[in-house]
Structures are given as structure tokens and as C-alpha cells.
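Colleague: Numbering (the numbering used here), first residue to last: 45 to 252. Heads up, the beta-carbon is just placed ideally off N, CA and C, and yes, glycines get one too. Since we're looking at a predicted model, the values are computed, not measured. Quick one: this structure, given as C-alpha cells, is what I'll be asking you about.
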């Protein structure tokens, strides 16, 4: 299994030497949002390093492909339902995603879009569980956009020397970012609750 995944990564990276690298990036990014196991980040990094002045353009291509794939994945889950999802993913993954939807709703999409959690599982199951399509696409846009444009911007600013750092630490940085983001909302919620006036608190209490 590891050898197969390694060969797939090598195949993906080989497209960086092709004149059709941009098209390959779009198609691979779309496929990764549905079923393909290799994320588009390695090809995005390779193409960006090859042409740093086009790094942000490649990030936009990657984002567009990912959004197209996300919408297709959503429709597959919505129209195919549980039988299709059961054929594509293991029960453990489906149960994991269902728990995240129950706890975070569409925020789970944003978390998956930013972090190494398999994004494809969330796009297909979002359709199956009938998440609101507009909010699903917005979360995908924000999460995938932040991820890909962060890569493109770093390469545009620092060129090839930053590539190894991105490849090694990008996922860790986004996990830390998500922890801080969720923690920030949790703190705001606590402060909002503690800041209620005595009259508002009394109003919240049930009548005898």
C-alpha cells in the first residue's frame, strides 16, 4: 500500500515538468476532493517553485479545482446516499465524520479543508447528510483558499528555499491555527455568557 501511494505521489509530481501542469493541478485537485488519495499540495509546491511569479495563479487553479470537486462530491453523496458512501469509505471514517457533523455542523468542513483530515470524506458525506450547500461551499472556499494561497504566497515571497519548510510543516501550522481559531470562539462564548447583565440572566431563567 505504501509503495502504491509513493508511486502515485511520484506520478503527481511528474506533471510539474509537463506543459499541462496547470491543467493537471486543476484535475487532480478536483479528484482529490472526491476520491483521489494524494493531496494537490505537492504538485502546487513543485509548480510554484518552478515559476514563483505564477505561484498565486497556481493556488487559484488549485482552489478552483478543489471547489469543483467538492460540489461534485456533494452531489454524489446527495444523489447516491448511503450505498455510495459505504462503497467509497470505511465505516470508521463515516462514523468519525458523522460525529464531527453532529458536534460542529459545517465547521467540520472548514476544519477538514485546512487540515490533513481527508477532505474527500467530508465532501461526499456532506451531501449524504444534507448539509446546507451554500454554507458547505463557503466553508470549502475559506478553508481550501486559506491553505492553497498560504502555500502560493510563501513561495511567491521566498521562492525555492521555503519549499522544504512548507512540505514538512504546513499541516502542523494549520492544525495549530485551527486550535487557536476554535479556542478563540470558545473564549468569546464564555466571555459573552459571563458578561450578561443580572436582568438578562433572570430573563433566561424558566418561569416558576
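Over what stretch of residues does the alpha helix (DSSP H) that includes residue 127 continue unbroken?
Modeller: Here the alpha helix (DSSP H) through residue 127 covers 99–132.
Colleague: Would you call the CB atoms of residue 110 and residue 188 closer than 8 angstroms?
Modeller: Against a cut-off of 8 angstroms, the Cβ pair of residue 188 and residue 110 comes out as a contact.
Colleague: Which two residues bound the contiguous alpha helix (DSSP H) that contains residue 179?
Modeller: 177–202 is the extent of the alpha helix (DSSP H) around residue 179.
Colleague: Could you name the residues of the same chain whose beta carbon sits closer than 6 angstroms to that of residue 99, not counting the 5 residues immediately before and after it, in chain order?
Modeller: Excluding sequence neighbours, residue 99 sits near 92, 196, 199 and 200.
Colleague: Look at the alpha carbon of residue 174 and the alpha carbon of residue 80, and state the distance between them as a whole number of angstroms.
Modeller: Looking at the two C-alpha atoms, the distance is approximately 23 angstroms.
Colleague: In terms of residue numbering, what span does the alpha helix (DSSP H) encompassing residue 95 cover?
Modeller: Note, residue 95: premise wrong, no alpha helix (DSSP H); not H, not E.
Colleague: For the alpha helix (DSSP H) containing residue 145, name the first residue and the last one.
Modeller: Start and end: 135–148.
Colleague: Just the C-alpha distance for residue 16 and residue 83, rounded to the nearest angstrom, thanks.
Modeller: Since the first and last residues shown for the chain are 45 and 252, residue 16 lies out of range.
Colleague: Between the stretch 142–157 and the stretch 121–128, do at least 3 Cβ pairs fall closer than 8 angstroms?
Modeller: At 8 angstroms Cβ cutoff, the stretches do not touch.
Colleague: Is it buried or exposed, residue 58, if we count other Cβ atoms within 10 angstroms and call 16 or more buried?
Modeller: By the neighbour-count rule (16 or more Cβ atoms within 10 Å), residue 58 is not buried but exposed.
Colleague: Thinking just about the alpha-carbon of each residue, which of 75, 77, 96 and 186 is nearest to the one in residue 60?
Modeller: Among 75, 77, 96 and 186, the Cα nearest to that of residue 60 is on 96.
Colleague: Looking at residue 52 and residue 72, is the spacing between their C-beta atoms short of 8 angstroms?
Modeller: No.
Colleague: Do you know how far the Cα of residue 69 is from the Cα of residue 210?
Modeller: Their Cα atoms are separated by approximately 18 angstroms.
Colleague: Rounded to whole angstroms, what's the CA-CA distance from residue 64 to residue 207? Just pull it up for me.
Modeller: Cα to Cα, the separation comes out at about 21 angstroms.
Colleague: Could you check where the alpha helix (DSSP H) with residue 151 kicks off and where it finishes?
Modeller: First-last of the alpha helix (DSSP H) with residue 151: 151–158.
Colleague: So, with DSSP's three-state summary, where would you put residue 4?
Modeller: The structure shown does not extend to residue 4, since the chain is modelled only from 45 through 252, so no value can be given for it.
Colleague: Check whether the Cβ atoms of residue 141 and residue 166 lie closer than 8 angstroms to each other.
Modeller: For residue 141 and residue 166, yes; Cβs fall inside 8 angstroms.
Colleague: State buried or exposed for residue 37, treating a residue as buried only when at least 16 other CB atoms are found within 10 Å of its CB.
Modeller: Residue 37 falls outside the range modelled here, since the chain spans only 45 to 252, and no answer is possible.
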